[in-house]
Structures are given as C-alpha cells and as structure tokens.
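Okay, structure first, notes after.
There are 2 protein chains.
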Amino acid sequence: MSGGIAQSFLRRSKVLMRQTCNRGIAHHKKAFYSTKAMEEVTEISQSKMFGGFNRRFRHQSSSCGCPMNFTIFFPPQLDSKKVPVLYWLSGLTCTDENFIQKSGAQRVAAIEGVALVAPDTSPRGLHIEGESESWDFGVVTTGAGFYVNATAEKWKNWRMYEYVTEELPKLLTSNFPQLDTSTSSIFGHSMGGHGALTIFLKNPLRYKSVSAFAPICNPVSCPWGTKAFIGYLGENRMLWEEYDATALVKRYKGPPTNILIDQGDKDIYHSKQLLPENFVEAVKEANGPISTTLRIQSGYDHSYFFISSFIEDHVSHHVKALSI
Amino acid sequence: MSGGIAQSFLRRSKVLMRQTCNRGIAHHKKAFYSTKAMEEVTEISQSKMFGGFNRRFRHQSSSCGCPMNFTIFFPPQLDSKKVPVLYWLSGLTCTDENFIQKSGAQRVAAIEGVALVAPDTSPRGLHIEGESESWDFGVVTTGAGFYVNATAEKWKNWRMYEYVTEELPKLLTSNFPQLDTSTSSIFGHSMGGHGALTIFLKNPLRYKSVSAFAPICNPVSCPWGTKAFIGYLGENRMLWEEYDATALVKRYKGPPTNILIDQGDKDIYHSKQLLPENFVEAVKEANGPISTTLRIQSGYDHSYFFISSFIEDHVSHHVKALSI
Numbered sequence: 000m001s002g003g004i005a006q007s008f009l010r011r012s013k014v015l016m017r018q019t020c021n022r023g024i025a026h027h028k029k030a031f032y033s034t035k036a037m038e039e040v041t042e043i044s045q046s047k048m049f050g051g052f053n054r055r056f057r058h059q060s061s062s063c064g065c066p067m068n069f070t071i072f073f074p075p076q077l078d079s080k081k082v083p084v085l086y087w088l089s090g091l092t093c094t095d096e097n098f099i100q101k102s103g104a105q106r107v108a109a110i111e112g113v114a115l116v117a118p119d120t121s122p123r124g125l126h127i128e129g130e131s132e133s134w135d136f137g138v139v140t141t142g143a144g145f146y147v148n149a150t151a152e153k154w155k156n157w158r159m160y161e162y163v164t165e166e167l168p169k170l171l172t173s174n175f176p177q178l179d180t181s182t183s184s185i186f187g188h189s190m191g192g193h194g195a196l197t198i199f200l201k202n203p204l205r206y207k208s209v210s211a212f213a214p215i216c217n218p219v220s221c222p223w224g225t226k227a228f229i230g231y232l233g234e235n236r237m238l239w240e241e242y243d244a245t246a247l248v249k250r251y252k253g254p255p256t257n258i259l260i261d262q263g264d265k266d267i268y269h270s271k272q273l274l275p276e277n278f279v280e281a282v283k284e285a286n287g288p289i290s291t292t293l294r295i296q297s298g299y300d301h302s303y304f305f306i307s308s309f310i311e312d313h314v315s316h317h318v319k320a321l322s323i
Numbered sequence: 000m001s002g003g004i005a006q007s008f009l010r011r012s013k014v015l016m017r018q019t020c021n022r023g024i025a026h027h028k029k030a031f032y033s034t035k036a037m038e039e040v041t042e043i044s045q046s047k048m049f050g051g052f053n054r055r056f057r058h059q060s061s062s063c064g065c066p067m068n069f070t071i072f073f074p075p076q077l078d079s080k081k082v083p084v085l086y087w088l089s090g091l092t093c094t095d096e097n098f099i100q101k102s103g104a105q106r107v108a109a110i111e112g113v114a115l116v117a118p119d120t121s122p123r124g125l126h127i128e129g130e131s132e133s134w135d136f137g138v139v140t141t142g143a144g145f146y147v148n149a150t151a152e153k154w155k156n157w158r159m160y161e162y163v164t165e166e167l168p169k170l171l172t173s174n175f176p177q178l179d180t181s182t183s184s185i186f187g188h189s190m191g192g193h194g195a196l197t198i199f200l201k202n203p204l205r206y207k208s209v210s211a212f213a214p215i216c217n218p219v220s221c222p223w224g225t226k227a228f229i230g231y232l233g234e235n236r237m238l239w240e241e242y243d244a245t246a247l248v249k250r251y252k253g254p255p256t257n258i259l260i261d262q263g264d265k266d267i268y269h270s271k272q273l274l275p276e277n278f279v280e281a282v283k284e285a286n287g288p289i290s291t292t293l294r295i296q297s298g299y300d301h302s303y304f305f306i307s308s309f310i311e312d313h314v315s316h317h318v319k320a321l322s323i
C-alpha cells in the first residue's frame, strides 16, 4: 500500500469509524482509497461476510445527474492481491441491495477471489413527472432504467448504459486500487439480464464473459421492452435494436464465448416478457462466435430463491473466463 | 401417500395452482396436506429453492388470538422420507421472512435433509394501544414478542412461548405428515436467540439441540429485556427468570448438550444488550450437563451477513444432534 494511500486511509478511517460505529457496522481494517477517492465516494455502510466485506457507497453521478449508490463485495483475497470484478445488474423493483442481501453470491466470490459490484438500477430523486406512475417504467420504487442512454429530452438523465459501461468502471479504477478493473465480467437478472447481455454484446473486448438469470432477451418484442423503449428512445425502432440482445447477437464480431442463461419454467414472465428462445434462435441463425447454454430449470420462478439456487454455477462460469 | 391425502392434494392443487400462478410462484408437485389441513392452514406463497420449497402459510392462532404467518423450507429429501425439523426464531424488527430470504440456510438444509420452520416474532394486527410506540417492544413494525407468555392483561395476546412450543408443533404434526416433528432442534438470532436458548432450557426433552447467533443471553440484566419483561410480565422478577437463559441454565437438569453461540465482535449490542459472557459464566458455575462454545467472530456485526457467514456451522451442529 503506498504511503499516500496509507495516510489517506488513516484519515479516512477516523471518519469511517465514527460513521460505522454509529450504525454498528464493522470497520474494515484494509485501505481501499486513493486520496482522490475521498472526494469521490462516500461509504454508507459496511458489513463483514464470509471473510470479506459488503461495502455500500454513494457518489454524485455525472451520467445520471443525481447521487447514485452502489455496493461492492470485497473478497478476503484482496489482502494479498488485486482481484477481478464481476458486475451484477439487477431487475425491475430492485436497488443495489437486493443481490447483496439475497443471492448468497458472496459465499462463492469469497472462495474464488472475485469482487462483486452491484450498481443501482435507475437514477433516483429527480422527480420527473410520471417517473413513478408505472411499476415497469421510470424510477422511484421500481428502478426501471433498462440500461439504455435515453434520447427523449424528458428522460435525459436515464443514462444507465453510460453509467454502467463508462462512469462506474472509471470510478472503481480511481478509487479502489485493489480491484483489477481491466479484468471483468458481467451478469444480471431479468431487466438486468437484458442489461448484461446487451452491454457484453456491444463491448466484447471490455468483458471476459456474460451470463443471465431469466433475462429479457428480446425487448423490442415484449411489453416491458416496447414500453420502456418508446418512453426512453422514442419511435425509432432502429435505435431500439441497439439495446436488444436478440438483434445484437446477430452482428456480434467479438471473441468466441458461451453465454449461460438459466430460466425457471414456473416463471410467469417467461413466454410473454423474457423470450429466451428468441435469443437462442438468433444465436443459431448467426452461426457466429457465440454459443449459448439455455437451462430451463424445472419448478423455479422469477425470484431470488431461483437465483440463489444457481448462483454458484454462474460465478464459476465467470471465474473460468476471468482465469482466476 | 394415502389415498385421502392424495385426493385432498388433487383438490388443493387446483386452488394452489390458481393462487400461485396469479403470483408467478412455482407450484409444488408433492402433497403436504391431510384433509384436516385444508381448514387449518392456507398457503400464501411458495418458491422452489435448492431443489426444495419455501412455503409460507397463514392460520388463526389460538395462542395469540390473531392470524399468524410462518414459513417452512421443505428439503427435497421428503420426497422419499420424513425429515426432522429445525426451528428458527428471528429477532426484533423481523417477520417469518427475513431468515428465509437472507440466511442462505436452505442450501445446507437441502443437502442435509432437514426442514426449516420460521414462525413470525409477535402477534400482529391487534391494535393494542402503544404496541407500535417502541421499536423494541410491542409489535407492528418490530415484532418484539420476546417469546414469553405475557401476564399483563393489556398484552394477554402476547403468548409467543406457547405459540412456538405448543401450538405450532401441533399444527405441523397435524398438517404436514412429511415432517418428523418428534425430532426437532431450535436456533435463532438476537431476541430469537434468547427465545431458542430459553425454550430449549425449559424443554430439554423436546429439542435435540440448540444454537444461537448473538443471542440476548441475560435479559433481566439488559435494557431490551427489562423493558420487555416489565411490560409483558410486570414487576415480579422471579417470573422474569423463567425467561432468562443465564438463570435457567443454572438449574438445567436435562441431557448433556453443547450449546453453540456465535457473536460478532463488531456487534454494537454485544456488551450492553446481549451479554453472552454472563451465560458462559453461568454455565461454568452450574458445572452441570451443559457445555457451551462461544465463538467471538472478529469483524462481524449483528446483521444477516454475519448469520449467513456461519449458518452452515449451525445447521451442521443440529444435524449431528438430529442424527440425520
């Protein structure tokens, strides 16, 4: 640890100790901050888990023009080395906390030595007219950012694509020297599965692998997707296809990769909103460098109980690609 | 499965299928109902997890005089045999859902073949004056039942001790023939750790083993406990000791057993409210059939992140005693 980091950590630790003791939250012994960090992110909370730490941060987002929260699980291995980064994108109604509280992914991440990064799902607190009228569009309780860069003037702050692909990785690189942000993969659930698939397909050299739980695979063909895209992107369907995994996979030119998708057969959104079969068909048609493993899981629904049942397989899928 | 059960299941399954499909919840293929059951418990929801099922039920409690919810995790093994029961008692602010959503215990229970039963923490919906004035006493948002039988007239419905030790086991026996309710153990967290310890110590032949995460070990000597006991039990301190693990362990006459307790050293409630050292001291003084293993876990707080980190050790502790 550099002297600069150490000194900033010592200063920071006093602030943190006060913050965390007030909340009864364990204080992490290790330093994660460059001096620059102190201006950029504020820790909200931290809790030790499986020998590592869940740490929640808040910062002012330039992409979304509002404060945004994100949570990182730091595995114990970063005491001795840099660790790769596995991004998780959550679905409708979620914040950065659902995955951290319910998935159980930290157990496997702590064994494998990978950091988990869970951003929020939407800008919040902007009070745009109508932002909370729909549970599947807008924000307040639902976080329906859909991981796009909105073009509609009214929704100009909805730039979750830029936030996840540009702003957040830069923020992590400058603030958390223990994270090897050049070695990262991405996965997610439902709307976040759509986000993970489209972000990977548009940036094949930026992520080593992708997987998803019950992803929205063909948003231009389902009610959730068309509602979101009309609102955020307007009527230009060409633009919609820039955020549709089933369209993007047909023109993918990146390195060969296998995409793991788990889908519960008791998920009521399967046939109307998620359409994984359309994605698999497109992969076959493309006959390109992508293969996909779609596992239909008997008896499972759309919940985090489903995610936690198979999270170990997904983390292992990424660990292989990240060559840990 | 008996014909009667099978027929009732077929009728029941149609109702369930409608209920669950409306909520997008997987329908369990197996029958858990005796015909009697259909009048006694109503299923609220179910989700498949690790090959088993989390199933939430509602019933009218005779002990508490109000509807009560509880959740059972049925492991996959009950397809072929009866499974023992491990009761979990939750802490302040919790319902029957926190443990089921956050602990990750189902992963281990599904491997070991034990059912997890999580009752609610308090009567609800009775609208007793003052029931929601305190976060650590009464009910509405906090569920501060403290697992006692209240003697104060105002709190006469607060009979969580009777509910957990008598009513719920009988309800399980009559409704879920796949559960071996004669082979059970008990554990819990904080206020629920107090509940687990006191219930075990008062009923040594009813439970095979007990363990706790950050339990309130000596409620007569801490602010949470004295506030609850004055309210529910009045000024008679002799009565208080009937619900104090540190007092009860001194007169325990049951079979030899080891009590596992995990306590985080960054838990802000440790020294003022939980007092595990008082319990360990009492065990030593008693020099009786009880031994205790108190593990002070470095860096851990009072949260479910702490519980999930060590839940496997606790389930294993009980699996040994249950001779699975």
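Protein chains in written order, with numbering that gives the first Met the number 0: chain A, 0 to 323; chain B, 0 to 323. Just so you know, even glycine gets a beta-carbon here, dropped at the ideal spot from N, CA and C. It should be emphasised that the depicted structure is a prediction, and the values quoted were computed from it without experimental measurement.
Sub-8 Å separation of residue i and residue j beta-carbons
| i | j | result |
| --- | --- | --- |
| T245 (chain A) | N277 (chain A) | yes |
| W87 (chain B) | A117 (chain B) | yes |
| P288 (chain B) | P254 (chain B) | yes |
| D243 (chain B) | V209 (chain B) | no |
| N68 (chain A) | R54 (chain A) | no |
| G112 (chain B) | P74 (chain B) | yes |
| P275 (chain A) | L247 (chain A) | no |
| A151 (chain B) | G230 (chain B) | yes |
| L204 (chain B) | V40 (chain B) | no |
| L200 (chain B) | C216 (chain B) | no |
Alpha carbon of residue i to alpha carbon of residue j, nearest angstrom
| i | j | result |
| --- | --- | --- |
| S46 (chain A) | T70 (chain A) | 11 Å |
| T164 (chain A) | D264 (chain B) | 38 Å |
| S322 (chain B) | D261 (chain A) | 35 Å |
| T182 (chain B) | V84 (chain B) | 6 Å |
| F212 (chain B) | I258 (chain B) | 11 Å |
| K80 (chain A) | Q177 (chain A) | 7 Å |
| V147 (chain B) | F52 (chain A) | 36 Å |
| H324 (chain A) | D266 (chain A) | Because chain A spans 0 through 323 in this model, residue 324 (chain A) falls outside it and cannot be assessed. |
| N252 (chain A) | G191 (chain B) | Contrary to the premise, residue 252 (chain A) reads as Lys rather than Asn in this sequence. Approximately 56 Å, taken between the alpha carbons. |
| A281 (chain B) | I295 (chain A) | 54 Å |
| T120 (chain B) | I127 (chain B) | 16 Å |
| N286 (chain A) | Y268 (chain A) | 28 Å |
| F49 (chain A) | F228 (chain A) | 40 Å |
| T172 (chain B) | V82 (chain B) | 12 Å |
Below-8 Å beta-carbon distance, residue i vs any chain B residue
| i | result |
| --- | --- |
| F56 (chain A) | no |
| G298 (chain A) | yes |
| K271 (chain A) | no |
| K47 (chain A) | yes |
| C216 (chain A) | no |
| F304 (chain A) | yes |
| Q100 (chain A) | yes |
| S307 (chain A) | yes |
Cβ of residue i within 8 Å of any chain A Cβ
| i | result |
| --- | --- |
| G103 (chain B) | yes |
| R106 (chain B) | yes |
| T53 (chain B) | Correcting the residue type first, residue 53 (chain B) is Asn in the shown sequence and not Thr. Yes, N53 (chain B) counts as interfacial toward chain A. |
| S315 (chain B) | no |
| Q177 (chain B) | no |
| S322 (chain B) | no |
| S189 (chain B) | no |
| S183 (chain B) | no |
Counted within 10 angstroms of its Cβ, other Cβ atoms place residue i as buried (16 or more) or exposed
| i | result |
| --- | --- |
| S298 (chain B) | The sequence shown places Gly at residue 298 (chain B), not Ser. It is buried - the Cβ of G298 (chain B) has at least 16 other Cβ atoms within 10 Å. |
| S270 (chain A) | exposed |
| G144 (chain A) | buried |
| R123 (chain B) | buried |
| E130 (chain A) | buried |
| E284 (chain B) | exposed |
| S290 (chain A) | exposed |
| D179 (chain A) | buried |
| K207 (chain A) | buried |
> Should the segment 149-164 of chain B be called in touch with the segment 45-65 of chain B, which here means at least 3 C-beta pairs below 8 Å?
Replying inline: Flag = yes, the segment 149-164 of chain B and the segment 45-65 of chain B touch.
> Are the segment 92-106 of chain A and the segment 295-307 of chain A touching, with three or more C-beta to C-beta distances below 8 Å?
Replying inline: Touching, per the Cβ criterion.
>> Could you check whether the segment 79-95 of chain A touches the segment 91-98 of chain B, counting it as contact only if at least three pairs of C-beta atoms, one from each stretch, sit closer than 8 Å?
In response: Here the segment 79-95 of chain A makes no contact with the segment 91-98 of chain B; the two share fewer than three CB pairs at distances below 8 Å.
>> So, does the segment 174-189 of chain B touch the segment 227-243 of chain B, judging by three or more C-beta pairs under 8 Å?
In response: Segment contact: the segment 174-189 of chain B against the segment 227-243 of chain B, fewer than three CB-CB distances shorter than 8 Å; contact not assigned.
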